[in-house]
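These notes are about the structure you will find just below.
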Amino acid sequence: MEVLRLQNLQKSFGSVRALKSASFTLNEGEVVALLGDNGAGKSTLIKAISGVFPVDRGDIYVRGQKVSIRSTRDAMDLGIETIHQDTSLAPDLSIARNLFLGREPVNLKWLGVFAPLDLAQLRDAASALLKRVGISKKLDADALVSTLSGGERQSIAISRAMQFAAKVIILDEPTNNLGVEETHGVLRFVKEVRDAGHSVLLITHNIHHVFQVADRIIVMRRGEIVAEQTVADTDLLTVESIITGADMSALLKETRAK
Amino acid sequence: MPRAKRRSSLIRSPQFSSLVILIVLLAVFAIADANFLSPLNISNMMAFLPELGIIALGMTLLLTAGEFDLSVGAVFGLAPVVVMLLVQNGGVDIGVALLAGLVLCIAIGAINGLIVTKIGISSFLVTLSMLLVVRGAALYITQGFPLKSWDQPGFFVTLLAGSFSIGTFRFYTSLWWFIGLSLLAVYVLRYAKLGNWISAIGSNRNAAVARGVPADAVKIWLFILTSVLAGLAGMISAFRISAASPVAGTGYELEVIAMVVVGGTALTGGRGTIFGTIVGALMLRSIRNGIVLIGVPGLAYNIFVGVIILAMLILHALLQKNAARS
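Taken in sequence, the protein lines are chains A and B. Numbered per our numbering, the first sequence spans residues -1 to 256. Numbered per our numbering, the second sequence spans residues 5 to 330.
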């Protein structure tokens, strides 16, 4: 079932057409990898979907309904959660406080921003969540995020998105700067997220990771989507050549022939 | 967290080490000079403490959100000058004059906040310029002279600078202001939703914004709060001595920031402690008072203040390094 559909999204910055035209569909319970070289327009596309800035032209549909996304808050309310490598958590706050940042459970709601946090609920919900997502090492909900490893932080950020029943979880370079084991942990977690029924849009430089978790691949080049394939129908070399624009497999054959 | 772990993290926390140093300092001064703990001396310290302490509360919240304000000393000087000029020369009712002073402080804070957040200039540069503008304005409108003394008792004067006695101790109402505002600040930073936002903004602004936290609005309000508290402190001080001077509060900005960081609040944002700031305010106040009592020459005493602040900061840094390692 279709969850997110983009139709002819366009965005320019001054005279630079960062996004010439982008259309694609994301279905329920699938992992779609968005690939492309630096400057291909991936992050512009992500930022447009997650509400960092509005698009110049084009439509976004969530579950078939046309929506307008003007702020990150709008995107979150529509069930679109974006997780960036370094900007998703506040290191000086506890895991529990991070999990509910911006959506804190409070008592005496009428006090507005001065309302007291419901600390018991904050802690219980955080502990329950940590248990449910089964993050390998046992983590304390009161532990500061600054004491966690990169992989743990990534998992916390993803579980936060799951907790708020996000329909679409956008992962921006989730395995950057992670060790081998941590990378596998995060990729395994991505599969679990999909199996729980969420849709994942995965942005990465690492094609190997894509082939491990993705169902479909979308390749962007110079602000346009240039290829869209299911993982089963393609292979690493083909994808690599589409990204760079060079025909790698032909090149390889040539070298082999020599 | 298990109780033992919680206790050890409390002992390792910066505000705890500050508290230990404060107690040691108080003990040293008390032993060195018997007058240090006399009712008169304590009353004296408690009269001065709230004036810088109140500003330090606002500065703690602002620093926790990752910004700071160098214009507080100048606002401390300008606000009472404007209020007293209106009352003395303009014949304005004191209540109305105070309201005008409040609006002035709100405006200064809002300008600081708007320039920092909307134009994106560092708060160091913006508030340094504001310091010059505000101090310059105070000097210009008074032509550089302190105002005539003004001493008409009334509701507002009692509210800001009244005094009362408990036994042989004489306290000013400003102490109540400081206690009340401290409790409020502790509540906001530790227990309210807003405190969560303030810490998150200072810790990782982009993360907070990505979660829908209105980071710019929070910062602007904190700049306004800090300015208003600086103005309030200036009024309290001026009413206590029944006079306003355009050079009052010179250098206070650095002393206030010193109080805050000595207490354990991180200059880089994200980690703030009101309890630490209260300890820091007490510490700087008692150092200034104590080293005069034990006979350090007046001109040398900034050397001591500076050295003690540096020692505190080195201690915090070492503790933090230790905590990161374990």
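Ideal placement from N, C-alpha and C gives every residue a C-beta, glycine not left out. Predicted model only: the values in this text are computed from it and were never measured.
- Distance from the CA atom of residue 87(B) to the CA atom of residue 265(B), rounded to whole angstroms, is 32 Å.
- In this structure, residue 239(A) lies away from residue 151(A), with their beta-carbon atoms at least 9 Å apart.
- For residue 48(A) and residue 55(B), the gap between their C-alpha atoms comes out near 46 Å.
- Here the C-alpha atom of residue 240(B) lies approximately 10 Å from the C-alpha atom of residue 179(B).
- Nearest to residue 313(B) by C-alpha distance, out of 174(B), 287(B) and 103(B), is 287(B).
- The DSSP-derived three-state label of residue 245(B) is coil.
- Spanning the alpha carbons of residue 55(A) and residue 9(A) requires a straight line of approximately 7 Å.
- The C-beta of residue 185(A) has 16 or more other C-beta atoms within 10 Å across all chains shown, which makes the residue buried.
- DSSP places residue 218(B) in the coil class of the three-state scheme, outside both helix and strand.
- In the displayed model, residue 57(A) falls within a strand according to three-state DSSP.
- Contact between residue 20(A) and residue 223(A) holds: CB atoms are separated by about 5 Å, below the 8 Å threshold.
- Scanning 318(B), 42(B) and 304(B) for the CA closest to the CA of residue 172(B) turns up 42(B).
- By the neighbour-count criterion, in which 16 or more other beta carbons inside 10 Å mark a residue as buried, residue 149(B) falls on the exposed side.
- Nearest to residue 209(A) by alpha-carbon distance, out of 233(A), 89(A), 187(A) and 199(A), is 233(A).
- Residue contact with chain B for residue 104(A): present (Cβ-Cβ distance below 9 Å to some residue of chain B).
- DSSP places residue 105(A) in the coil class of the three-state scheme, outside both helix and strand.
- In this structure, DSSP gives residue 23(A) an extended state, which the three-state scheme calls strand.
- Using beta-carbon distances, residue 124(A) does not count as an interface residue toward chain B, since no partner is under 9 Å.
- Residue 90(A) is a Cβ neighbour of residue 270(B), given a cutoff of 9 Å.
- Per DSSP, the beta-bridge partners of residue 225(A) are 217(A).
- Sequence-distant partners of residue 107(A) (beyond 5 residues in either direction) whose C-beta falls short of 7 Å from its own C-beta, in its chain, are 113.
- Residues of the stretch 85 to 115 of chain A whose Cβ lies closer than 7 Å to any Cβ of chain B, in chain order: 85, 86, 87, 88, 89, 90, 91, 95, 99, 100, 102, 104, 111, 112, 113, 114 and 115.
- Ranking 93(B), 84(B) and 164(B) by CA distance to the CA of residue 142(B) puts 84(B) first.
- Under the three-state reduction of DSSP output, residue 8(A) falls in the strand class.
- The Cβ neighbour count for residue 117(B), taken over all protein chains shown within 10 Å, is at least 16; the residue is labelled buried.
- At a Cβ-Cβ threshold of 9 Å, residue 128(B) and residue 253(B) do not count as neighbours.
- Interface annotation, residue 207(B): in contact with chain A, CB-CB separation under 9 Å.
- Within its own chain, the residues whose Cβ lies closer than 7 Å to the Cβ of residue 37(B), once the five positions on either side in sequence are excluded, are 297 and 298, listed in chain order.
- Classified as exposed, residue 95(B) has fewer than 16 neighbouring CB atoms from the shown chains inside 10 Å of its CB.
- Between residue 201(A) and residue 40(A) the beta-carbon gap is near 5 Å, inside 8 Å, which marks them as a contact.
- Linking residue 256(B) to residue 30(B) through their CA atoms gives a straight-line distance of about 23 Å.
- Residue 82(B) and residue 138(B) do touch by the CB rule: their CB atoms are close to 5 Å apart, below 8 Å.
- Interface flag for residue 68(A) against chain B is unset, since no Cβ pair is found closer than 9 Å.
- In the three-state reduction of the DSSP assignment, residue 196(A) falls in the coil class.
- When Cβ-Cβ separations below 9 Å define contact, residue 146(A) makes no contact with chain B.
- Flagged as an interface residue toward chain A: residue 197(B), by a C-beta distance shorter than 9 Å.
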